[in-house]
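As structure tokens, the structure follows; a few thoughts come after it.
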């Protein structure tokens, strides 16, 4: 179940955390039970390790093995993955393709940033706006394949090369943008967003520029005379005059930059975001080799796909006009979320009776638990002082034991609510109301346990009456608010003839 939960959605990791905490508590009790031999403790640890760690990991990886076999075709998001990963996708330009093994002067290449989710070095005719460095051609990274990603490798001294000459470690080159014929360029102006870096632009006319267009190729862990290889070689591009490394900060440019990622020149030459590789390599003078040899192993694709997913999940931004929410709003049902605004309006809102009852029972649990802990602490203190357990033994009849069992169950449901709710307070990504729903399940179960705790000392007939009244109230509240889920048409709730008239109990509800 742990593997299935995590395979469905990453929030399943919170369930794994809950099970882990409960297992640690159980093992701690077993470890302290001196009546059992140490071999029994070792067996318990081994069984839980296999059942709750190893087996879920194996099952989870098996699910992803099937996932990667089935999803083996190219799509719009290919650019988020490494060149090697793309070479296994049917329909991708790198799948079963042949191109030169070595990179030479005169080759037309696409250059991809080597970090997880890194884009292609890209340029277009648009200039940086006034006040953003020099008003020269924009250079960015773009995560989709595009003709504006193509660059021509030229000698630094503008010589023409008739023979084949390989680009090797330490080589000096110019990069000419094929579509606009402007050279990759840097100078003393600050970058658009990362002000401690220098600006990168496209400069010149018809391939003619100046000395600020010269870059040195340094292979990562490379040696002299080692040539750049297609796909596999990681390298840096160091500006010859400014002594800074071509890099991408990962920051998204404003609308004037088409929300592509910033490219800058970083004085820190050790920045790992400055690693690049050649993905597409076109040179008719060289023989081609099949790129299937670069297809990664399952473990490599498994790790990379997760890294890209985590990065993409953490970097989600709201669309323009999209309504988001904050974690503090969720338990109090402060605001819902529109799922449809057409003729049938669907508004995601928690049933207020359930939500506010859950919150009340949650507060009640914290209060009752605090009082119980204080009472037990005082009782233990009396025993210690008087040293006469017979005189001060707490009378723990059957009902007391039953209530303690209920509190213990409520405690772990409370921990489940915390593990599924509190982590969202630390997240910088965009959040929605539905992210609270797993925590609601634990809160609802906690409410049921606390209702049983409160009513357990009442006569049976009263317990049944209260339970029946509660169920009836929940059913009636469902009837009242069901149009929000099934689709509400006609007037809004503030109009007298609306089906939801009078049910907008909070001004923050928008239906």
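In the UniProt record's numbering, the protein residues as written are 1 to 511.
By construction, the Cβ of each residue, glycine as well, lies at the ideal position given by its N, Cα and C atoms.
Same chain, Cβ closer than 6 Å to residue i, five either side skipped, listed in chain order
i, result
"residue 30", "41 and 44"
"residue 142", "119, 120, 122 and 260"
"residue 207", "176 and 181"
"residue 102", "166 and 227"
"residue 272", "none"
"residue 279", "83, 110 and 112"
"residue 152", "108, 176 and 178"
"residue 513", "The displayed coordinates of the chain run from 1 to 511. Any statement about residue 513 would go beyond what the structure contains."
"residue 115", "273"
Whether residue i touches residue j by CB criterion (9 Å)
i, j, result
"residue 174", "residue 214", "yes"
"residue 228", "residue 219", "yes"
"residue 417", "residue 442", "yes"
"residue 165", "residue 125", "no"
"residue 361", "residue 458", "no"
"residue 428", "residue 314", "yes"
"residue 493", "residue 506", "no"
"residue 300", "residue 244", "no"
"residue 212", "residue 169", "no"
"residue 107", "residue 277", "no"
"residue 516", "residue 112", "Coverage of the chain is limited to positions 1 through 511, which leaves residue 516 absent and any answer about it impossible."
"residue 18", "residue 419", "yes"
"residue 14", "residue 423", "yes"
"residue 154", "residue 93", "no"
"residue 97", "residue 290", "yes"
"residue 11", "residue 438", "yes"
"residue 296", "residue 85", "yes"
"residue 288", "residue 194", "no"
Counterpart residues of residue i in DSSP-defined beta bridges
i, result
"residue 102", "229"
"residue 488", "345"
"residue 177", "151"
"residue 51", "The partner list for residue 51 (beta bridge, DSSP) is empty, contrary to what the question assumes."
"residue 444", "None; residue 444 has no bridge partner."
"residue 329", "None, per the DSSP bridge assignment."
"residue 248", "263"
"residue 239", "215"
"residue 68", "Answer is none; residue 68 lacks a bridge partner."
"residue 463", "Beta-bridge pairing links residue 463 to no other residue."
"residue 44", "The partner list for residue 44 (beta bridge, DSSP) is empty, contrary to what the question assumes."
"residue 190", "198"
"residue 255", "According to DSSP, residue 255 bridges with nothing at all."
Integer-rounded CB distance, given that residue j should sit under 8 Å from residue i
i, j, result
"residue 198", "residue 191", "6 Å"
"residue 110", "residue 253", "Rounded, the Cβ-Cβ distance is 20 Å, inconsistent with contact."
"residue 488", "residue 344", "7 Å"
"residue 455", "residue 335", "Not a contact, Cβ separation roughly 33 Å."
"residue 216", "residue 246", "That pair is no contact at about 10 Å."
"residue 330", "residue 436", "4 Å"
"residue 56", "residue 256", "47 Å between Cβ atoms; not a contact."
As assigned by DSSP and simplified to three states, the class of residue i
i, result
"residue 122", "strand"
"residue 78", "helix"
"residue 430", "coil"
"residue 221", "coil"
"residue 359", "helix"
"residue 11", "coil"
"residue 37", "coil"
"residue 272", "helix"
"residue 483", "helix"
"residue 306", "helix"
"residue 201", "strand"
"residue 339", "strand"
"residue 403", "helix"
"residue 521", "Outside the displayed range of the chain (1 to 511) lies residue 521, so it cannot be described from this structure."
"residue 334", "coil"
"residue 494", "coil"
"residue 97", "coil"
"residue 376", "helix"
"residue 507", "coil"
"residue 136", "coil"
"residue 144", "coil"
"residue 512", "A query on residue 512 cannot be resolved here, the shown segment of the chain reaching from 1 to 511 and no further."
Cβ shell of residue i (< 8 Å), same chain only, five flanking positions each side left out
i, result
"residue 326", "431"
"residue 133", "189, 190, 191, 192, 199 and 201"
"residue 127", "135, 136, 137 and 138"
Proximal residues to residue i (C-beta, below 7 Å), its chain only, five neighbours per side dropped
i, result
"residue 412", "22"
"residue 391", "Bear in mind that the predicted position of residue 391 carries a pLDDT of just 43, short of 50, making it unreliable; the figure below should be weighed with that in mind. Excluding positions up to five away in sequence, the list is empty."
"residue 473", "353"
"residue 82", "304"
"residue 449", "406, 409, 410 and 413"
"residue 394", "With a pLDDT of only 42 at residue 394, under the threshold of 50, the placement of this residue in the model should not be trusted, and no figure is reported."
"residue 365", "410, 414, 446 and 450"
Test: residue i CB closer than 9 Å to a CB of chain E
i, result
"residue 271", "The structure shown contains no chain E; it holds only a single protein chain."
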